[in-house]
Amino acid sequence: SAATARAQGSTFTVRGWTLEDGLPTSTVQDIAQTPDGYLWLSTTGGLARFDGPRFEVLGPEQGLPSTRLQGLAVAGDGSLYASSEDGSVVRWDGRRFTTFPPSGLMAHSLVALPDGSLLGNGAGRLWRVREGVANRLDPIDLWPFVVLDSVGRAWLNASGARPARLDGDRIVPIGPPGEPWDRWVPDSRTGVPLFFRSLGRDAELLDPRLARVTLVP
Numbered sequence: 006s007a008a009t010a011r012a013q014g015s016t017f018t019v020r021g022w023t024l025e026d027g028l029p030t031s032t033v034q035d036i037a038q039t040p041d042g043y044l045w046l047s048t049t050g051g052l053a054r055f056d057g058p059r060f061e062v063l064g065p066e067q068g069l070p071s072t073r074l075q076g077l078a079v080a081g082d083g084s085l086y087a088s089s090e091d092g093s094v095v096r097w098d099g100r101r102f103t104t105f106p107p108s109g110l111m112a113h114s115l116v117a118l119p120d121g122s123l124l125g126n127g128a129g130r131l132w133r134v135r136e137g138v139a140n141r142l143d144p145i146d147l148w149p150f151v152v153l154d155s156v157g158r159a160w161l162n163a164s165g166a167r168p169a170r171l172d173g174d175r176i177v178p179i180g181p182p183g184e185p186w187d188r189w190v191p192d193s194r195t196g197v198p199l200f201f202r203s204l205g206r207d208a209e210l211l212d213p214r215l216a217r218v219t220l221v222p
């Protein structure tokens with residue numbers, strides 16, 4: 006077909022960047038892009054800002070409390086947030102980082118919600134930062150995976166736990182516990198995530214009511 010022919014004739018360029026190109030370390034934890042086009046990379050050696058040709062490494066001189074960064078998130082107003090291994094969350098104002106008080110809950114990933122708050126998850130815990138204050142949301146030390154739909158609702162799942170959604174500060178379980186590799190996945194057709202559930206060597210996709218979805222080519 007024409008589509009196949011075009012695909013076969015396509016040329017892709019793959020480029021890798023290493024320490025020789027300016028990365029502070031070879032351990033990149035997260036990547037985010039701000040509206041101004043910069044790519045930000047959290048690493049174990051600082052926060053790297055990439056403009057295409059080069060990396061600029063930011064650290065304590067710019068207000069970071071630690072050079073060991075974890076999760077990144079870009080809020081609706083374009084603000085960049087990052088979490089560090091000391092449990093702090095920082096915000097970039099274009100010149101320096103402002104540090105929120107340490108939460109004691111290291112975030113492997115951050116998710117910005119439409120109301121301006123942040124969800125952080127790590128070490129099997131879920132917490133929210135609102136107006137600079139961090140509060141635990143989960144009572145059972147689960148929910149490390151978060152997916153947002155097109156209207157900003159958060160859908161949650163943890164290894165072997167029940168799929169759920171976040172309703173305000175309340176976690177609403179949806180179905181029974183699953184397998185460790187079950188999880189919500191984005192659906193670009195509707196903007197609402199689907200739940201991927203393994204069935205031995207097979208698998209199925211479920212809608213948010215956990216009804217089976219049939220994909221039509």
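For the sequence shown, the positions run 6 to 222 when the numbering used here is used. Don't be surprised by glycine CBs; every beta carbon is placed ideally from N, CA and C.
Closest Cα partner of residue i within the set the options
i    : options               : result
L24  : T195, T18, P70, E61   : E61
E136 : S122, W160, T16, R54  : S122
S84  : L118, E90, F55        : L118
F55  : Y43, S47, G64         : Y43
A37  : S47, L28, E209, T30   : S47
R170 : D212, R194, V134      : D212
G196 : R206, V152, D120      : V152
A53  : R217, N126, L28       : L28
P181 : W22, R175, A208, N162 : N162
Beta-carbon gap between residue i and residue j smaller than 7 Å
i    : j    : result
F102 : Q67  : yes
R167 : P185 : no
R188 : F150 : yes
L131 : L115 : no
T272 : G50  : Residue numbering for the chain in the displayed model covers 6 to 222; residue 272 lies beyond these limits and cannot be assessed.
G183 : R202 : yes
W45  : L77  : yes
L199 : L215 : no
S235 : P70  : Since the first residue shown for the chain is 6 and the last is 222, residue 235 is missing from the structure and cannot be characterised.
N140 : R133 : yes
V94  : T39  : no
Range covered by the beta strand (DSSP E) that runs through residue i
i    : result
I176 : 175 to 178
F200 : 199 to 204
R158 : Premise fails: R158 is in no beta strand (DSSP E) and is neither H nor E.
V218 : Counting along the chain, V218 falls outside any beta strand (DSSP E), and DSSP gives it neither H nor E.
L28  : From DSSP, L28 is part of no beta strand (DSSP E); its letter is neither H nor E.
D172 : 169 to 172
A166 : Element bounds for A166: n/a, residue is neither H nor E.
L124 : 123 to 127
A117 : 114 to 117
Beta-bridge pairing of residue i - partner residues as DSSP gives them
i    : result
E136 : DSSP, once it has assigned bridges, lists no residue as partnering E136.
R20  : Paired residue(s): none; R20 is not in a bridge.
T104 : V95
D207 : L204
W189 : F200
D35  : S47
L131 : N126
R141 : W132
Ignoring anything shorter than 4 residues, give me the alpha helix (DSSP H) runs that lie fully in the stretch 37 to 88, in order along the chain.
none
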